[in-house]
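Chemist:
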Amino acid sequence: MPTGASILHADLDAFYASVEQRDDPRLRGRPVIVGGGVVLAASYEAKAYGVQSAMGGRQARRLCPEAVVVPPRMAAYTAASRAVFAIFRDTTPWVEGLSIDEAFLDVGGLRRLSGSPVQIATRLRRMVGEQVGLPITVGVARTKFLAKVASGVAKPDGLLEVPPDGELAFLHPLPVERLWGVGPVTAAKLRARGIHTVGQLARLDVPTLESLLGAGAGGHLHALAHHRDPRPVQVGRRRSSMGAQHALGAGPHSPADVDATLSGLVDRVARRLRAAGRAGRTVTLRLRFADYTAATRSRTLRRATDRTTPLLAAARSLLRAAQPELARRGITLVGVAVGNLDDAPVQPELPFTPDRGVELDNAVDAVRDRFGAAALTRATLLGRRPGLEMPRLPD
DNA sequence: TCTGGGGTCCTAGGACCC
DNA sequence: TCTGGGGTCCTAGGACCC
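First residue of the first sequence: 1, per full-length UniProt numbering; consecutive thereafter.
Structure, rendered in structure tokens:
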């Protein structure tokens with residue numbers, strides 16, 4: 001385990017909303033919501049009214065009627081993310097991206113070259129502010145887990161170091177919800193036992209926790225509460241799945257409607273795979289029934305592919321098999337994900353591959369590259385609205 | 001509180017192989 | 001006819017995060 005507090009967790013504040021405020025001065029100081037049907041990001045002015053990301057748009061507007069609602073501009077967020085990650089990698093080669101707007105940085109061993117971790121974090125925050133124009137919070141600690149908790153406590157626009165000799169003193173007064181991995185379900189179980197703080201959690205023995213939360217989660221949480229969970233910063237992590245989904249209204253929805261939506265989703269995912277140079281073996285159909293319970297059906301192909309045709313065939317056969325259940329229970333969401341991702345196989349030169357599927361995919365991709373994603377649409381999808389996309393790990 | 005759209009990780013059972 | 005143990009892969013569900 002590292003001895004000094006040399007892991008940074010750097011996390012852009014209200015990322016999409018901050019980009020909007022940066023690019024439109026009229027939005028500064030005002031509550032801003034990015035997204036329409038669902039809140040993708042809320043500025044801190046909007047959060048003060050209780051608006052949270054992932055909240056339904058209607059509820060958000062009820063909480064904060066004066067909020068300015070702007071549609072997402074993914075290209076702007078991607079560009080800002082690239083600029084910030086360039087600064088991360090300028091700081092240290094040991095960068096583990098977690099999502100479009102946060103990363104772990106290991107700055108151990110840079111002391112003589114760059115100064116103490118807190119000095120490095122201070123400089124990092126200044127550079128992101130000056131060069132990209134965005135606020136960013138940094139947590140500094142001995143482990144990734146604690147650095148992440150620290151940045152959460154320090155937000156927004158903050159810097160917080162947890163010194164190695166002050167870890168439990170920092171951790172134990174915190175509410176259990178602050179722990180990375182404790183969500184609503186676990187928090188409710190703990191609350192029911194009168195456990196509200198990390199300190200109370202730490203006093204429970206492992207068997208008690210395991211009986212409450214299951215063998216794996218119980219032991220893991222015990223380790224977290226005592227801060228015994230070192231994990232190294234992993235450079236060059238790549239995404240392991242890629243998917244798209246679409247919520248359907250209450251319905252009813254004909255099998256043809258659902259199939260058309262699924263085709264559009266597979267189109268999108270396959271195109272993103274090809275753009276990223278990835279290919280996948282496992283096709284997962286994601287379903288949500290009328291009662292909002294979820295289910296998945298998956299199938300693993302013999303070889304990884306980035307081709308629309310085989311991916312669509314697999315997705316369709318899963319949907320066909322689920323049709324009787326859908327007829328019975330109704331459907332409110334359909335999605336598809338491609339997992340088991342690998343680098344895309346190298347395509348042989350065109351003259352040697354009279355493969356109509358490859359040629360069609362390439363032609364469709366080329367048209368969309370030049371004229372935009374909406375330039376070509378499946379006939380069955382005409383009149384439907386495309387959904388939103390949110391990139392995560394770098395491809 | 002009526003419900004997005006992206007993801008990751010963990011668990012558990014069954015098939016299959018040695 | 002019954003009997004071990006271990007490892008990997010596949011499938012499905014669920015919790016959690018942004």
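In this text, a Cβ means the ideal position worked out from N, Cα and C, and glycines have one as well.
Under the rule that 16 or more other beta-carbon atoms within 10 Å means buried, what is residue 185, buried or exposed?
Modeler: When all chains shown are included, residue 185 counts as exposed.
Chemist: State buried or exposed for residue 385, treating a residue as buried only when at least 16 other CB atoms are found within 10 Å of its CB.
Modeler: In this prediction, residue 385 has a pLDDT of 42, which is less than 50 and means its spatial position is unreliable; what the coordinates show is noted afterwards. With fewer than 16 Cβ atoms within 10 Å of its Cβ, residue 385 is classed as exposed.
Chemist: Pop quiz: residue 290 and residue 330 are said to be a contact at Cβ under 8 Å. What is the actual Cβ separation, rounded to whole angstroms?
Modeler: Rounded, the Cβ-Cβ distance is 3 Å, consistent with contact.
Chemist: Note down, in chain order, each residue of its chain lying with its Cβ closer than 6 Å to the Cβ of residue 37, except the 5 sequence neighbours on either side.
Modeler: Contacts found: 57.
Chemist: On the DSSP bridge list, what partners appear for residue 56?
Modeler: 38, per the DSSP bridge assignment.
Chemist: Please state if the CB of residue 144 and the CB of residue 231 are separated by a distance shorter than 8 Å.
Modeler: Cβ distance < 8 Å, so residue 231 and residue 144 count as in contact.
Chemist: If distances are taken between C-alpha atoms only, which option among 141, 12, 256, 128 comes closest to residue 168?
Modeler: Checking every option, the nearest Cα to that of residue 168 belongs to 141.
Chemist: Indicate whether the contact test is met: 3 or more Cβ pairs, each with one atom in the region 213-220 and one in the region 310-317, closer than 8 Å.
Modeler: At 8 Å Cβ cutoff, the stretches do not touch.
Chemist: Could you tell me which whole alpha helix (DSSP H) segments of length 4 or greater appear in the region 210-258?
Modeler: Segments of the alpha helix (DSSP H) lying fully in the region 210-258: 215-225.
Chemist: In three-state terms, what does DSSP make of residue 391?
Modeler: Caution applies to residue 391, whose pLDDT of 35 falls short of 50 and renders its modelled position unreliable; the value that the coordinates give is listed next. Reduced to three states, the DSSP call for residue 391 is coil.
Chemist: What residue does the beta strand (DSSP E) around residue 152 start on, and which one ends it?
Modeler: Not the beta strand (DSSP E): residue 152 falls in the alpha helix (DSSP H), residues 144-154.
Chemist: Determine the closest residue to residue 100 out of 94, 88, 92, with distance taken between C-alpha atoms.
Modeler: When only C-alpha atoms are compared, the closest one is 88.
Chemist: If you draw a straight line from the alpha carbon of residue 175 to that of residue 5, how long is it in whole angstroms?
Modeler: Taking the straight line from one Cα to the other gives about 23 Å.
Chemist: Which partner residues does residue 33 have in the DSSP bridge list?
Modeler: Residue 33 pairs with 42, 69.
Chemist: Could you have a look at residue 268 and say whether DSSP puts it in helix, strand or coil?
Modeler: In the structure shown, residue 268 sits in a helix (DSSP, three-state: H, G or I).
Chemist: Look at the alpha carbon of residue 157 and the alpha carbon of residue 135, and state the distance between them as a whole number of angstroms.
Modeler: Using only the alpha carbons, I get a separation of about 5 Å.
Chemist: Do you know offhand how far residue 64's Cα is from residue 26's?
Modeler: Going by the C-alpha atoms only, they are around 18 Å apart.
Chemist: Looking only at C-alpha atoms, which of 326, 333, 307, 299 sits nearest to residue 317?
Modeler: Residue 299 is the option with its Cα nearest to residue 317.
Chemist: Please say whether residue 218 and residue 224 have beta carbons closer to each other than 8 Å?
Modeler: The answer is no: Cβ separation not under 8 Å.
Chemist: Quick one: give me the first and last residue of the alpha helix (DSSP H) that residue 114 is part of.
Modeler: First-last of the alpha helix (DSSP H) with residue 114: 111-114.
Chemist: Got a sec? Which residues, its chain only, sit under 8 Å from residue 251 by beta carbon, not counting five neighbours each side?
Modeler: The residues are 290, 330, 331, 332.
Chemist: If distances are taken between C-alpha atoms only, which option among 90, 138, 97 comes closest to residue 113?
Modeler: That would be 90, whose Cα lies nearest to the Cα of residue 113.
Chemist: In angstroms with no decimal places, state the Cα-to-Cα distance between residue 106 and residue 128.
Modeler: Spanning the two alpha carbons is a distance of roughly 18 Å.
Chemist: Taking Cβ to Cβ, would you say residue 319 is nearer than 8 Å to residue 285?
Modeler: Yes.
Chemist: Looking only at DSSP bridge pairs, what is residue 196 linked to?
Modeler: DSSP, once it has assigned bridges, lists no residue as partnering residue 196.
Chemist: By the 10 Å Cβ neighbour count, where 16 or more other Cβ atoms means buried, how is residue 292 classified, buried or exposed?
Modeler: The residue in question, residue 292, is exposed, as its Cβ has fewer than 16 Cβ neighbours within 10 Å.
Chemist: Please name the residue in 234, 233, 202 whose C-alpha comes closest to that of residue 220.
Modeler: It is 202 whose Cα lies nearest to the Cα of residue 220.
Chemist: Look at the alpha carbon of residue 75 and the alpha carbon of residue 262, and state the distance between them as a whole number of angstroms.
Modeler: In a straight line, the C-alpha of residue 75 is about 25 Å away from that of residue 262.
Chemist: Please identify the residue among 324, 120, 307, 96 whose C-alpha is closest to the C-alpha of residue 237.
Modeler: Ranking the options by Cα distance to residue 237, first place goes to 96.
Chemist: How long is the line joining the alpha carbons of residue 125 and residue 12, rounded to whole angstroms?
Modeler: Between residue 125 and residue 12, the C-alpha separation is close to 10 Å.
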